[in-house]
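Oh and the sequence shown: position 123 is 123 in the numbering used here, straight run, nothing missing. Note that CB positions come from ideal geometry on N, CA and C, so glycine has one too.
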Amino acid sequence: MQSEGRGTAIITGGSRGIGAACARLAAQAGWNVCVNYTSNVDAANAVVAEVEAAGAQGLAVKADVADEAQVTTMFAVAAKALGPVTALVNNAGILENQMPLAEMSAARFARVFSVNITGALLCAREAVRVMATSRGGPGGVIVNMSSAAARLGSPNEYVDYAASKGAIDTLTIGLSKEVGGDGIRVNAVRPGLILTDIHASGGDPDRATRLGSGVPMGRPGTAEEVAETVLWLMSDKSSYVNGALIDVTGGR
Ligand code: NAP
Numbered sequence: 001m002q003s004e005g006r007g008t009a010i011i012t013g014g015s016r017g018i019g020a021a022c023a024r025l026a027a028q029a030g031w032n033v034c035v036n037y038t039s040n041v042d043a044a045n046a047v048v049a050e051v052e053a054a055g056a057q058g059l060a061v062k063a064d065v066a067d068e069a070q071v072t073t074m075f076a077v078a079a080k081a082l083g084p085v086t087a088l089v090n091n092a093g094i095l096e097n098q099m100p101l102a103e104m105s106a107a108r109f110a111r112v113f114s115v116n117i118t119g120a121l122l123c124a125r126e127a128v129r130v131m132a133t134s135r136g137g138p139g140g141v142i143v144n145m146s147s148a149a150a151r152l153g154s155p156n157e158y159v160d161y162a163a164s165k166g167a168i169d170t171l172t173i174g175l176s177k178e179v180g181g182d183g184i185r186v187n188a189v190r191p192g193l194i195l196t197d198i199h200a201s202g203g204d205p206d207r208a209t210r211l212g213s214g215v216p217m218g219r220p221g222t223a224e225e226v227a228e229t230v231l232w233l234m235s236d237k238s239s240y241v242n243g244a245l246i247d248v249t250g251g252r
């Protein structure tokens, strides 16, 4: 298994929110970091600057995780520039405006599922192709970003998003069994209400703050609190943890 500082980590959606926090902590732990983004190049470049300030190598790579060709190119570019890829943080994810299922369009389902499910599957596939010891790879770690929504269901907000995160949990369980003997550990983190921009995408920018008082710990969480768990799963300290779904929710 990989230790800290022994390879390159690709962090999808690494330019903002939870992914950016993972990128910063990964660099501090000695990983070289590919900061993936899809539209906001300034945010990605700012995270790369922080990665480099921590003494690691960083690279911003624009790629839509839902696009197969862009994903395969990203893996090749990252390995060439930063060295063999031994960690994937499968973090990129989207949601859309809050509404009941009865109001949702098929086009919306396609958008959410293509990024949240197909994107995660494509990136995990590429990671297995380069990491699996049976394919000549060095082994590695995959951390999938699920959500507490996978078990809460997000009624009247976005059951489509919640369903996509249920798929991430199932992907984690299945792939962990498939490649556990191939030197690859696969786990998922399920954040609760975390203070990032994603809630604005659902038309409710203050959602985490507003609902935070109802969390058993009485507050929303930070991206850094999620990233600490991700970094633990990337490290040898979790060397026998495989197929786990770890809630980071303040008890929600
Ligand atoms: P965020 O602040 O909205 O950031 C999303 C990131 O994903 C950005 O870096 C964005 O890049 C990138 N991205 C979006 N679509 C992409 C695509 N098609 N290809 C590549 N990158 C893409 O989100 P966040 O809150 O940090 O969420 C990160 C993950 O945690 C998501 O999977 C989300 O479902 C999950 N999560 C979040 C919470 C929460 O409360 N925040 C709770 C549970 C789970 P650009 O800047 O270029 O657009």
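| Asked | Found |
| --- | --- |
| How far does the alpha helix (DSSP H) with ILE18 in it reach, from first residue to last? | 17-28 |
| Tell me the start and end of each unbroken beta strand (DSSP E) in the stretch 108-144 that is at least 3 residues and wholly inside, in chain order. | none |
| Is ASN97 near GLY13, with beta carbons less than 9 Å apart? | no |
| If you draw a straight line from the C-alpha of GLY218 to the C-alpha of GLY136, how long is it? | 48 Å |
| Could you tell me the boundaries of the beta strand (DSSP E) in which ALA162 lies? | Not the beta strand (DSSP E): ALA162 falls in the alpha helix (DSSP H), residues 159-179. |
| Report the three-state DSSP secondary structure of ASN32 (helix, strand or coil). | strand |
| What residues are listed by DSSP as bridge partners for LEU88? | ILE10 and ILE142 |
| Give a single yes or no on whether LEU195 has its beta carbon closer than 8 Å to a heavy atom of ligand 1. | yes |
| At a cut-off of 8 Å, would you count MET145 as near ligand 1, judging by its Cβ distance to the nearest heavy atom? | yes |
| In terms of residues, what are the limits of the beta strand (DSSP E) holding LYS62? | 58-62 |
| Going by other Cβ atoms of all chains shown within 10 Å of its Cβ, with 16 needed for buried, is ALA188 buried or exposed? | buried |
| Using beta carbons (cut-off 9 Å, strictly below), is VAL47 in contact with chain D? | The chain labelled as chain D is not found in the depicted structure, where only one protein chain is given. |
| Please indicate yes or no: does the CB of ILE94 lie closer than 8 Å to some heavy atom of ligand 1? | yes |
| Determine contact between the stretch 153-165 and the stretch 109-120, defined as no fewer than three beta-carbon pairs at a distance below 8 Å. | yes |
| With respect to 8 Å, is the separation between the Cβ of ASP236 and the closest non-hydrogen atom of ligand 1 below this value? | no |
| Hey, quick one: how far does the alpha helix (DSSP H) through VAL65 stretch, first residue to last? | No alpha helix (DSSP H) contains VAL65, which DSSP labels as neither H nor E. |
| DSSP has ASP236 in a bridge; who is on the other side? | Partner(s): none; ASP236 has no beta bridge. |
| Using a threshold of 8 Å, is the CB atom of LYS165 nearer than that to any non-hydrogen atom of ligand 1? | yes |
| DSSP state of ASP247, grouped into three classes? | strand |
| Quick one: what's ASN187 bridged to in DSSP? | VAL143 |
| Please confirm whether any heavy atom of ligand 1 lies closer than 8 Å to the CB of PRO155. | no |
| Does the Cβ of THR209 have 16 or more other Cβ atoms within 10 Å, making it buried, or fewer, making it exposed? | exposed |
| Less than 9 Å separating the beta-carbons of ARG151 and VAL241? | no |
| Let's test the definition: count the other Cβ atoms within 10 Å of the Cβ of PRO191 and tell me whether it reaches 16, buried, or not, exposed. | buried |
| Under a three-way DSSP split, which group does GLY192 fall into? | coil |
| For a quick check, are the C-beta atoms of ALA132 and GLY174 less than 9 Å apart? | no |
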